[in-house]
Amino acid sequence: MRRRYSDSTPGGKGSTLKYVVIQLVLLCGLMMASIAWGQSGRGYEMSDAEMEELVLRSYPYIAMFNVNNKFALDARNPMNTGGYNRVKANTALADHTLKGIARPNNDTLYIGAMIDVTAEPVVLEIPAFDSTYVSLMVTAYDHYVNIPMSTGQGDFDEPATMLFYSQRTPGYQGEPVDGVDEVFEVTGDFVSAVFRVMPHAAEPERLKANLAAMRSVDVEPLSEFLGRRGNESHFVPWDSPSGIARNLDVKEDLARFPEFGSDFEIFEDRFLEVMQFVVNHTTFDPENELDQALLDALKPLGVEPGKVFDPDAVAQIDGAALRSVAEDFATQRLASMDDAEFTSSNLTKLFQPKGQMTAELLALQSVIGPIGQPAREALYPPIGTEDGAPMNAMFDYELVMAAEDLPPVKAFWSVTLYDLDNGFFIPNARKKYSVGENAGFQLDEEGGIRIVIAAEQPEGVPEENWLPIERKDEDLGLIMRLYSPDLEQYESWSPAKAKKL
């Protein structure tokens, strides 16, 4: 309750004088606080246009900060490595428990090597594979995609070693190292090096050899690789191949990072803290327009490379409003993938190296599914419906392709079903989430295929060609993957449409 003072208040003029003094003290305090807030940038107000620009520029970094840490440190992620500079060979196809990333693969096996080059360079030891398709994808927080090795480029016939370092890696500047086949400068200090391996599940001996090769992938700090350290830091986490961790356990590893989580949660609760960490561990090119646009958007908020995050020195922004803008941004980008003209124009431009991406497409790929490959390695055409409406689990659907309509690929193709909102697999007892060579499929006598999405297996449909759903009001998304696509034929090919039954 506020008490009012006047000459008639008990105490008379003395109380009035005391009240005036109090008011002057309070006013001076408010003035000083106002000055301090102005210096620290607190209370910074952004227009809608400024928030949209901030989301556009920062979305890739937020998405990849979450993705890389979930794969390295999130115990709830079945594919996590248990820390940085460790490897996890996932020798079974992913299932619906994988929620560390939107729209994951269910058609290749993954090997995840989470690499940290803040202390010294790290060497990745790579075996040979007997597989039609293998690729190595390297991605930092900036979400540019590099494919330093793939079967399409003639790799993986022989074992190889690859050294990773960044501009901030102490004591190393890219010089050749005896025993290292390739030196790779990464744009971030924390990167994911992800292998995709076609296992050849229908060929038991070939599958066995590829699984053994997957388990032999290893990472070592350069000093250990050169024999200056013993092997006491090696261990076998999660039944995966040996790895190293610079003597950090998972709790110590976690303590080095701001809290990760969902993209929208970070936009709302700790956007500036995460972005300060991100810019401190990313290499920015002064000549790169996209790099400088991000730094220009962050600078007025008190975030710049080399700073230590100080909550009292950065701007106070409306986190709820920023989250709302990010959610709208993501919704609009997902909707654009239903536009056949848009996907036809842009699908082959996604997941490119630095210098070959627009800001809009860089953010788009971070929304639709952060771990993807460039067109020469894989294409991801979405499957629309004949009536243009999203698929919904209240109905059944079929996708029919004649032999001449099958995807133009040099390796293999698949079709994978997700819930539309989150991009996760549809849970089912059969653990059947995709149709393809590795997850199983049956072609008809003419070489075509009929794939059915239904709550019950339809009569006459092979089990391998049935994608189960739970009958409920849930929108569905269907994505095709084309590995080593024939890009020339792809120009005149269109994916089939799903038909409601």
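Counting in numbering that gives the first Met the number 0, the sequence shown runs from 0 upward without gaps.
Each residue gets a CB set at the ideal place from its N, CA and C atoms; glycine is no exception.
A quick note: this is a predicted structure, and the numbers were derived from the prediction, not measured.
- DSSP places residue 192 in the strand class (E or B) of the three-state scheme.
- Nearest to residue 189 by alpha-carbon distance, out of 463, 333, 102, 85, is 85.
- Setting aside the 5 residues that flank it on each side, residue 58 is surrounded in the same chain by 362, 365, each with a C-beta closer than 6 Å to its C-beta; the list follows chain order.
- Taking a cut-off of 8 Å for Cβ pairs, the segment 106–126 and the segment 155–170 touch, as three or more such pairs fall below it.
- In the same chain as residue 157, and ignoring 5 residues on each side of it, the C-beta atoms closer than 6 Å to its own belong to 127, in chain order.
- Boundaries of the beta strand (DSSP E) harbouring residue 220: 217–220, taken from the DSSP string.
- The straight-line gap separating the alpha-carbon atoms of residue 99 and residue 369 is approximately 11 Å.
- Residue 319 sits in a helix when the DSSP states are folded into three classes.
- Take the alpha-carbon of residue 102 and the one of residue 196: they are about 17 Å apart.
- For the options 289, 88, 256, the alpha carbon positioned closest to that of residue 275 is the one of 256.
- 81 is the residue among 81, 441, 389 whose C-alpha sits nearest the C-alpha of residue 70.
- For residue 278, the secondary structure class from DSSP, reduced to helix, strand or coil, is helix.
- Sixteen is the threshold: since fewer than 16 other Cβ atoms of the shown chains lie within 10 Å of the Cβ of residue 493, the residue is exposed.
- Excluding sequence positions up to five before and after residue 399, its CB lies within less than 6 Å of the CB of 449, all in the same chain and listed in chain order.
- Within the same chain, 407, 408, 409 come within 7 Å of residue 485 by CB-CB distance, once the 5 residues on both sides are set aside.
- In this structure, residue 349 and residue 371 form a Cβ contact; the two beta carbons are roughly 6 Å apart against a cut-off of 8 Å.
- A distance below 9 Å separates the beta carbons of residue 216 and residue 124.
- Boundaries of the beta strand (DSSP E) around residue 138: 133–138.
- In this structure, DSSP gives residue 113 an extended state, which the three-state scheme calls strand.
- For residue 415, the enclosing beta strand (DSSP E) stretches over residues 408–418.
- Of the candidates 392, 397, 377, the residue whose Cα lies closest to the Cα of residue 385 is 397.
- In the structure shown, residue 76 adopts coil according to DSSP, grouped into three states.
- Here the alpha carbons of residue 144 and residue 354 stand approximately 11 Å from one another.
- Of the candidates 193, 83, 226, the residue whose Cα lies closest to the Cα of residue 248 is 83.
- When secondary structure is reduced to three states using DSSP, residue 429 falls in the coil class, being assigned neither helix nor strand.
- The count of Cβ pairs closer than 8 Å, one atom from the segment 40–55 and one from the segment 87–95, stays below three, leaving the stretches out of contact.
- Put simply, the segment 476–483 touches the segment 412–419. At least three CB pairs are less than 8 Å apart.
- Cα atoms of residue 260 and residue 108: separation of roughly 25 Å, rounded to the nearest angstrom.
- Spanning the alpha carbons of residue 204 and residue 475 requires a straight line of approximately 36 Å.
- Residue 90 and residue 317 have their C-alpha atoms spaced approximately 44 Å apart.
- Between residue 270 and residue 333 the beta-carbon gap is near 21 Å, outside 8 Å, which marks them as no contact.
- Between residue 254 and the set 452, 73, 48, the nearest pair of CA atoms involves 73.
- Judged by beta-carbon spacing, residue 293 lies beyond the 9 Å limit of residue 308, meaning their Cβ atoms are not closer than that value.
- For residue 89, the three-state secondary structure derived from DSSP is strand.
- In the displayed model, residue 471 falls within coil according to three-state DSSP, outside both helix and strand.
- Boundaries for residue 445: no alpha helix (DSSP H) harbours it, and the DSSP string shows neither H nor E there.
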